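A.B. asks:
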Amino acid sequence: AQSVAQPEDQVNVAEGNPLTVKCTYSVSGNPYLFWYVQYPNRGLQFLLKYITGDNLVKGSYGFEAEFNKSQTSFHLKKPSALVSDSALYFCAVRDTNSGNTPLVFGKGTRLSVIA
Amino acid sequence: DAGITQSPRHKVTETGTPVTLRCHQTENHRYMYWYRQDPGHGLRLIHYSYGVKDTDKGEVSDGYSVSRSKTEDFLLTLESATSSQTSVYFCAITEGSGELFFGEGSRLTVL
């Protein structure tokens, strides 16, 4: 079975500082990994994904994520946080060994960027 | 933005009444999903479809049914709504194994 964990319910960071939102996963095969962002009263928006290839994936709005197979992690990062980055962030995984099964989402991490 | 429309966007109903939520897509994508979002639980899969008339259960399917009679529409039905089904419901689509595209959500309150 596939699963994903976001160990922090809330992350607070000062504007201009680097941010990290953590995600770990569990799959039996190889993972497809995704990050989504949700602004208030909106649907989820795709940020970036890891399918194969380079472990550092670059996405929308200056975000990037690093795939670490040995640590089964896919942490979301941004070098310099903006107040407008404040939102709810979801990590998701699909096990490539399970065919085209649906994505499994973490419980979300609320990011608050303080001016 | 992906062409996904959910309706209604907001609904208040009473316990025991039937409710149907509609997801309509203009992308001709094969896969459609219904998730619910609740505080502390993130997104949980209710049902999904991998083609017309082809559906399967997700993690929290009890009390819900779905139908997909044509590619563009995926209906979620609560046969007899309960207060535990108060939630925000999201439809999502994808063509293959890539990223999902989400609708704007349907907020359901069951009194």
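As given, the protein sequences belong to chains A and B, one line each in that order. With my numbering, the residue at position 65 of the first sequence is 59, and numbering never jumps. Start counting at 1 in the second sequence, then tack on 7, and there's your number in my numbering. Glycine is no exception: its CB is placed at the ideal position from the N, C-alpha and C atoms. Computed from a predicted structure; not experimentally measured.
(1) Terminal residues of the continuous beta strand (DSSP E) containing R104 (chain A)?
(2) Check this for me: beta carbons of R29 (chain B) and F81 (chain B), under 9 angstroms apart or not?
(3) Taking the DSSP output, what are the residues bridged to F68 (chain A)?
(4) DSSP state of G10 (chain B), grouped into three classes?
(5) Note down, in chain order, every chain A residue with its Cβ under 7 angstroms from the Cβ of G49 (chain B).
(6) With a cut-off of 9 angstroms, does the C-beta of F28 (chain A) fall near any C-beta of chain B?
(7) Look at the alpha carbon of L85 (chain B) and the alpha carbon of N35 (chain B), and state the distance between them as a whole number of angstroms.
(8) Taking the runs of the beta strand (DSSP E) that are 3 residues or longer, which of them lie wholly in the stretch 31 to 88 of chain B?
(9) Secondary structure at Y55 (chain A), three-state DSSP: helix, strand or coil?
(10) What is the residue span of the beta strand (DSSP E) that D89 (chain A) lies within?
(11) Closer than 9 angstroms, CB to CB, is N35 (chain A) near chain B or not?
(12) So, V73 (chain B) versus S56 (chain B), is the Cβ gap smaller than 9 angstroms?
(13) Runs of 3 residues minimum, wholly inside the stretch 20 to 56 of chain A: which ones carry the beta strand (DSSP E) assignment?
(14) When the Cα atoms are used, what is the spatial distance from I53 (chain B) to T90 (chain A)?
(15) Could you tell me whether the Cβ of G23 (chain B) comes closer than 9 angstroms to any Cβ of chain A?
(16) Could you name the residues of chain A that Y55 (chain B) contacts, counting a contact when the two beta carbons are closer than 8 angstroms?
(17) Let's test the definition: count the other Cβ atoms within 10 Å of the Cβ of V77 (chain A) and tell me whether it reaches 16, buried, or not, exposed.
(18) Alpha carbon to alpha carbon, how far is S92 (chain A) from V98 (chain A)?
(19) List, in chain order, every chain A residue whose beta-carbon is nearer than 9 angstroms to that of Y40 (chain B).
(20) From this set, B:E111, B:V117, B:L118, which residue's C-alpha is nearest G10 (chain B)'s C-alpha?
(21) Any idea what DSSP makes of S90 (chain B), helix, strand or coil?
C.D. replies: Here's the rundown:
(1) 103 to 108
(2) yes
(3) A:F61
(4) coil
(5) F84, F99, G100, K101, G102
(6) yes
(7) 25 angstroms
(8) 38 to 45, 49 to 58, 61 to 64, 71 to 77, 80 to 85
(9) helix
(10) 81 to 89
(11) yes
(12) yes
(13) 25 to 32, 38 to 44, 50 to 52
(14) 21 angstroms
(15) no
(16) P96
(17) exposed
(18) 12 angstroms
(19) P96, L97
(20) B:E111
(21) helix
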